[in-house]
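Read in order, the letters of the sequence shown are residues 2 to 244 in my numbering.
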Amino acid sequence: MNIKKSIPNILTLLNLLSGTIAVIFAVQGNLVLAAYLVFLGIFFDFFDGFAARLLNVQGELGKQLDSLADVVTSGVVPGIVMYQLLKTKNTIEIFNTEIVSWETKNTEILPFVGLLITLAAAYRLAKFNIDERQTSSFIGLPTPAASLVVLSLPLILEFSNFEFALTVVQNNWFLVILTLVLSFLMNAEIPLFSLKFKDYSWKNNKVKFIFLIITVVLIAVFQFIAIPLVILLYIFLSLFYKN
2 MNIKKSIPNI LTLLNLLSGT IAVIFAVQGN LVLAAYLVFL GIFFDFFDGF AARLLNVQGE
62 LGKQLDSLAD VVTSGVVPGI VMYQLLKTKN TIEIFNTEIV SWETKNTEIL PFVGLLITLA
122 AAYRLAKFNI DERQTSSFIG LPTPAASLVV LSLPLILEFS NFEFALTVVQ NNWFLVILTL
182 VLSFLMNAEI PLFSLKFKDY SWKNNKVKFI FLIITVVLIA VFQFIAIPLV ILLYIFLSLF
242 YKN
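This is the structure we're talking about:
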């Protein structure tokens, strides 16, 4: 067994493992822990590609394995999380102090709308594997980005004191519209830049550096609320970015 060639695939399998465990917690209703595991999976997802390029061991197996792992981590998990958010109103506590209490409702058809995210993610990943245009940039919102938006919602509910954000996230119509928008964006013919760097010069990576700087500022100021704002910024900057 060639250890060097196996490193990217091991990282990909760690992504899949994180996503699989996240599925278990999401089904059990522990959405915060599921979110953390998805973030861990996306971390492994980023570095498996980085390791493959660094070690020059990119191959078809790794490409297919990466998409299979992403279907779980960035497809199945956010779909279940959105299902749970649409299905149940949870009691949110911060430092053992109850701040939001909702009653269970919408237990029939509406929650299943959330699973559109899973279907859209799977379709996007299948297209990605046969689309030769997406080698140095993306067409459509990457599944990890869409997943980050969804998984930020239970974290906002758990940790944010911003009343407006709590009200919005608790609104079922907002959740349904968000589901439809993310499902569309993942498969839309919209060119988006990649964070892959061919070099680290300001001239060739100005938009990427601006994006990273603003991202750090937003996270420092808004914490988990920053996540959907960062994805909006990513889409906005991409409209003006030329590869």
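We treat Cβ as the ideally placed atom computed from N, Cα and C, and that holds for glycine.
Predicted model only: the values in this text are computed from it and were never measured.
Once DSSP output is grouped into helix, strand and coil, what is the label at Phe194? Note: Phe194 maps to strand in three-state DSSP.
Cβ-based burial, Phe241 [other Cβ within 10 Å; buried from 16]: So Phe241 counts as exposed.
Alpha carbon to alpha carbon, how far is Glu61 from Leu186? Near 26 Å, if we compare the C-alpha coordinates of Leu186 and Glu61.
Using the C-alpha atoms, what's the distance from Val77 back to Leu120? C-alpha of Leu120 to C-alpha of Val77: approximately 8 Å in a straight line.
For the ligand GDP, is there any heavy atom lying closer than 6 Å to the beta carbon of Leu158? This structure does not include the ligand GDP; it has no bound ligands of any sort.
From Ala147 to Ser184, what does the alpha carbon distance come to, in whole angstroms? Straight through space, the alpha carbons of Ser184 and Ala147 are spaced by roughly 8 Å.
Secondary structure of Ile110, DSSP reduced to three states: In this structure, DSSP gives Ile110 a state outside helix and strand, which the three-state scheme calls coil.
Applying the criterion that 16 or more other CB atoms from any shown protein chain within 10 Å of the CB defines a buried residue, is Ala122 buried or exposed? It counts as buried.
Is Asn57 buried or exposed, if buried means 16 or more other CB atoms sit within 10 Å of its CB? It is exposed - the Cβ of Asn57 has fewer than 16 other Cβ atoms within 10 Å.
Could you tell me whether the Cβ atoms of Gly80 and Ile25 are closer together than 7 Å? Taking a C-beta distance under 7 Å as the contact criterion, Gly80 and Ile25 do not qualify as a contact pair.
Skipping 5 residues on each side, what residues in its chain have a beta carbon closer than 6 Å to that of Asp71? Around Asp71: Leu126 and Thr144.
If contact is defined by three or more beta carbon pairs under 8 Å, each pair taking one atom from either stretch, is the region 38 to 45 in contact with the region 14 to 29? Touching, per the Cβ criterion.
So, is Gln85 buried or exposed, given that buried needs 16 or more other C-beta atoms within 10 angstroms? Classification for Gln85: buried.
Identify the continuous beta strand (DSSP E) that holds Ser138 and give its terminal residues. Ser138 to Ile140 is the span of the beta strand (DSSP E), which, as asked, contains Ser138.
Threshold first: 4 residues or longer. Then list the alpha helix (DSSP H) segments lying entirely within the region 38 to 89, N to C. Complete alpha helix (DSSP H) runs here, min 4: 61 to 72 and 78 to 88.
For Val114, collect the residues of the same chain with a Cβ closer than 7 Å to its Cβ; drop the 5 residues on either side in sequence, then sort them by chain order. Spatial neighbours of Val114 in its own chain (CB-CB distance under 7 Å, excluding positions within 5 residues in sequence) are listed in chain order as Leu87, Val177 and Thr180.
Cutoff 7 Å; reference Val231; Cβ partners in own chain excluding five residues on either side: Contacts found: Thr216 and Leu219.
Burial state of Gly141 (16 or more Cβ within 10 Å): Gly141 should be labelled buried.
Could you pull out every residue in the same chain whose Cβ sits closer than 7 Å to the Cβ of Ala52, ignoring the five residues on either side in sequence? Taking C-beta separations shorter than 7 Å and ignoring five residues to either side along the sequence, the partners of Ala52 in its chain run Ile8, Pro9 and Leu12, following chain order.
Between the Cα of Val33 and the Cα atoms of Asn16, Val73, Ser161 and Leu196, which residue gives the shortest distance? Checking every option, the nearest Cα to that of Val33 belongs to Ser161.
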